[in-house]
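In terms of my numbering, the sequence shown opens at residue 306 and continues consecutively. We treat Cβ as the ideally placed atom computed from N, Cα and C, and that holds for glycine.
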Amino acid sequence: MRGNLSGRFITLEGTEGAGKSTNLAFMRDYLEGAGITALVTREPGGTAFAEEIRELVLSPREEGVDALAETLLIFAARAQHLQAVIKPAIAEGRWVLCDRFTDATYAYQGAGRGVPREQIAVLEGLVQDGFKPDLTVYLDLPVEIGLARIQGRDEPDRFERERHEFFNRVRKGYLEIANTESARVKVVDASRNLRDVQRDISAQLDACLRSWQT
Ligand code: T5A
């Protein structure tokens, strides 16, 4: 680990096809270059038990899924992930890079599905007890561009089968969070070529590395 930096929790968010997987690998390598070996994980998931919940939540099914039931499952997976992986790693001074976290719940289940913000906040309080990412990079792009990037995938999951209007609400939800929590959430225009996107991401990481070192 570089200097006297202690463990940090960084999350990456975006709508479908924004480039999270691609850029999470970039962020891991970038931190590695700065002497920081980060633990890379994802939500829903990150432990065997939480990955089973992921499977349950993402699998397409005939039966309609109640939005609150979906939200509770996602927080159940998060509770497990936090206790078994994220918090122990940070307590040991490690950095954790996570593909999606609670902002996704506010965006997808809240803005997308209509679960009241206050209900999500109650669950967040219960499961996280004030724990939040130190930095969130939100990859923003028009929904059509993201969906075009993932077009042709074999088996779209339960979310990928949603309509454009759903993803437009999700995007709006993310932008509202970024607007309200601008110190934590950094918006990167992900509609551009990968080199430009990654230049902005590395600038955000550099700024944080500098401010966390002082
Ligand atoms: N979910 C999750 C909730 O509803 N609530 C929650 O609380 C949480 C935590 C699965 C679903 O779970 C839901 C939301 C999600 O629908 P996921 O698997 O993390 O979550 O999400 P997906 O959006 O399905 O992930 P994807 O794999 O589809 O997209 P990525 O990771 O954003 O995109 P990536 O990196 O695979 O890139 C897609 C393609 O675009 C290219 C890549 O090479 C790749 O081919 N690409 C670019 N092309 C041109 N220019 C660029 N700048 C590019 N960046 C990437």
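The bridge partners DSSP lists for Asp494 are Asp445. With a cut-off of 8 Å on Cβ pairs, the stretch 396-414 is in contact with the stretch 342-350, counting three or more such pairs. Residue burial is scored here from C-beta neighbours: Asp404 has at least 16 other C-beta atoms within 10 angstroms and is therefore classed as buried. Annotated three-state conformation of Glu318 is strand, per DSSP. Straight-line spacing of the CA atoms in Pro447 and Phe471 works out to 13 Å. DSSP places Leu402 inside the beta strand (DSSP E), whose first and last residues are Trp400 to Asp404. The way I'd put it, the stretch 395-402 doesn't touch the stretch 360-368; fewer than three beta-carbon pairs between them come closer than 8 Å. In the DSSP assignment, Val427 forms no beta bridge with any residue. For Ala343, the uninterrupted beta strand (DSSP E) run begins and ends at Ala343 to Arg347, by DSSP. Not one heavy atom of the ligand T5A sits closer than 7 Å to the Cβ of Gln424. Asn498 has its Cβ nearer than 7 Å to a heavy atom of the ligand T5A.
The beta carbon of Arg383 sits closer than 6 Å to the beta carbons of Val432 from its chain, once the five residues preceding and following it are set aside; these are given in chain order.
At the C-beta level, Thr316 and Thr441 come within 8 Å of one another. Contact between Ala372 and Val420 holds, since their C-beta atoms are separated by about 5 Å, short of 8 Å.
Ranked by Cα distance from Thr320, the first of Arg399, Ala512, Leu444 and Gly457 is Leu444. In terms of Cα proximity to Phe436, the closest of Arg458, Ile391 and Arg418 is Ile391. A straight line joining the alpha-carbon of Glu423 with that of Asp511 spans about 34 Å. Nearest neighbour of Arg463 by Cα position, chosen from Gln456, Glu360 and Arg474, turns out to be Glu360. In its chain, beyond the 5 residues on either side, Pro349, Leu378, Ala381 and Ala382 have a beta carbon closer than 7 Å to the beta carbon of Ile358. Sixteen is the threshold: since fewer than 16 other Cβ atoms of the shown chains lie within 10 Å of the Cβ of His469, the residue is exposed. For Ala453, the closest of Thr327, Gly322, Tyr479 and Ser311 by C-alpha to C-alpha distance is Gly322.
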